[in-house]
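Peer 1: Residue numbers (the numbering used here): 44 to 267.
Dumping the structure here so I can ask a few things about it.
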Amino acid sequence: LCNLINFPLENTYYTSLDIDSHELPEDEREKLFQFKDMIVESADFETMDRIFFKEIPRMRIGKLIEDVKTVGGEGKRLALKEILEREKIPIKSTLYIGDSITDVEPLRYTRGRGLAVSFNGNQYAVKEADIVIIAENALPIGLIADLHSRFGRDYIIEFVKAYTMDPERALENFRISYDIFEEFMKTFKRFPKILIPDDDIEEIVEESLQMRKRIRGEAIGGLG
Numbered sequence: 044l045c046n047l048i049n050f051p052l053e054n055t056y057y058t059s060l061d062i063d064s065h066e067l068p069e070d071e072r073e074k075l076f077q078f079k080d081m082i083v084e085s086a087d088f089e090t091m092d093r094i095f096f097k098e099i100p101r102m103r104i105g106k107l108i109e110d111v112k113t114v115g116g117e118g119k120r121l122a123l124k125e126i127l128e129r130e131k132i133p134i135k136s137t138l139y140i141g142d143s144i145t146d147v148e149p150l151r152y153t154r155g156r157g158l159a160v161s162f163n164g165n166q167y168a169v170k171e172a173d174i175v176i177i178a179e180n181a182l183p184i185g186l187i188a189d190l191h192s193r194f195g196r197d198y199i200i201e202f203v204k205a206y207t208m209d210p211e212r213a214l215e216n217f218r219i220s221y222d223i224f225e226e227f228m229k230t231f232k233r234f235p236k237i238l239i240p241d242d243d244i245e246e247i248v249e250e251s252l253q254m255r256k257r258i259r260g261e262a263i264g265g266l267g
């Protein structure tokens, strides 16, 4: 992916996996192929749980899963903190975008100081966000990122308040990039939701979840 978008790999944080560091006996290799076929043939959640939490942990290759340290949840928060310290960037300059339970910690760390954004997030992300975006594509993220890079958090909060009242007027009155404005008007017949969570948080969560499932599908969209 980094090669595809010409992004420096050294600027990424990711879960590393060294497959060659663990021995895979032939009988277990055959068993893994059986599991693969079951999963491809649409195994239900009960079967998936059995495969990943009962069957594989009993196998020698199961040690591979134990040794993997995922970058999620608290790991994401620590990665964000490390980036800020390394680049000597104040937290108020931070824009963090998340969508699930693994983003709760960095969203919470950023909220109220930088800008914490939920994009088609589930209930965990929405409830930790400064602003919520519900959209069919990522163009609203481009809009928010552009404003953030030029004007900062407070300007975006004012924009979102105005956008909630009258999207078209807000797009015209705030200093939106011309290219983004043109693309916005061309792309959306109905303007996407960009709002600040309020007392109607459960209604916002439901709407965000519906969009999430519509785009990702029911199974993936329903994950934490």
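Here a beta-carbon is modelled for each residue, glycine too, at the ideal position from N, C-alpha and C.
Within the region 66-144, note down every full alpha helix (DSSP H) run reaching 4 residues or more, in order along the chain.
Peer 2: Those alpha helix (DSSP H) runs which fall completely within the region 66-144 and span 4+ residues are 69-83, 88-93, 106-110 and 117-130.
Peer 1: Go through its chain and collect everything with a Cβ distance to ILE199's Cβ below 8 Å, but skip five positions before and after it.
Peer 2: Closer than 8 Å at Cβ, skipping near neighbours: LEU158, ILE174, ILE187, LEU190 and HIS191.
Peer 1: State buried or exposed for PHE202, treating a residue as buried only when at least 16 other CB atoms are found within 10 Å of its CB.
Peer 2: So PHE202 counts as buried.
Peer 1: Can you give the Cα-Cα distance for GLU128 and TYR56, rounded to whole angstroms?
Peer 2: When rounded, the distance between both Cα atoms is 15 Å.
Peer 1: Check whether the region 86-106 and the region 115-122 touch, using three or more Cβ-Cβ pairs below 8 Å as the test.
Peer 2: Because the criterion of three Cβ pairs below 8 Å is not met, the region 86-106 and the region 115-122 do not touch.
Peer 1: Do you know offhand how far ILE177's Cα is from ASN49's?
Peer 2: When rounded, the distance between both Cα atoms is 28 Å.
Peer 1: Quickly, what does DSSP pair VAL160 with across the bridge? List them, please.
Peer 2: Answer is ILE140 and ILE174, bridged to VAL160.
Peer 1: Thinking PHE224 and LEU214 are a contact (beta carbons under 8 Å), I'd like their distance in whole angstroms, please.
Peer 2: The Cβ separation is near 6 Å, so the contact holds.
Peer 1: If we ignore side chains and look at the alpha-carbon of each, how far apart do ARG255 and PRO100 end up?
Peer 2: So the two alpha carbons sit approximately 32 Å from each other.
Peer 1: DSSP beta-bridge partners for ILE237?
Peer 2: Partner(s): ILE176.
Peer 1: Can you tell me which of the three DSSP states TYR221 falls into?
Peer 2: In this structure, TYR221 counts as helix in the three-state DSSP scheme.
Peer 1: Quick one: measure Cβ to Cβ for ARG218 and LYS135, integer angstroms, because I've assumed they're closer than 8 Å.
Peer 2: Going by Cβ atoms, the distance from ARG218 to LYS135 rounds to 19 Å, so no, they are not a contact pair.
Peer 1: Answer yes or no: do ALA168 and GLY141 have a C-beta to C-beta separation smaller than 7 Å?
Peer 2: Cβ atoms of ALA168 and GLY141: closer than 7 Å.
Peer 1: Whose CA, out of ASP80, ASN163, ILE62 and ASP242, lies closest to the CA of LYS106?
Peer 2: Out of ASP80, ASN163, ILE62 and ASP242, ILE62 has the C-alpha closest to the C-alpha of LYS106.
Peer 1: Kindly indicate which three-state DSSP category PRO302 falls into: helix, strand or coil?
Peer 2: Absent from the model: residue 302. The displayed extent of the chain is 44 to 267, so no value can be given.
Peer 1: By Cβ distance below 6 Å, which residues in the same chain neighbour PHE78 in space, the five residues on each side in sequence not counted?
Peer 2: Here the set comprises ILE94.
Peer 1: Indicate the three-state DSSP secondary structure (helix, strand or coil) for ASN46 in the structure shown.
Peer 2: Looking at ASN46 - three-state DSSP - the assignment turns out to be helix.
Peer 1: Using a Cβ-Cβ cutoff of less than 8 Å, which residues in the same chain neighbour GLU148 once the five nearest sequence positions on both sides are dropped?
Peer 2: Closer than 8 Å at Cβ, skipping near neighbours: GLY116, GLU117, LYS119 and ARG120.
Peer 1: Please identify the residue among CYS45, GLU98 and ASP87 whose C-alpha is closest to the C-alpha of GLU71.
Peer 2: Answer by Cα proximity: GLU98.
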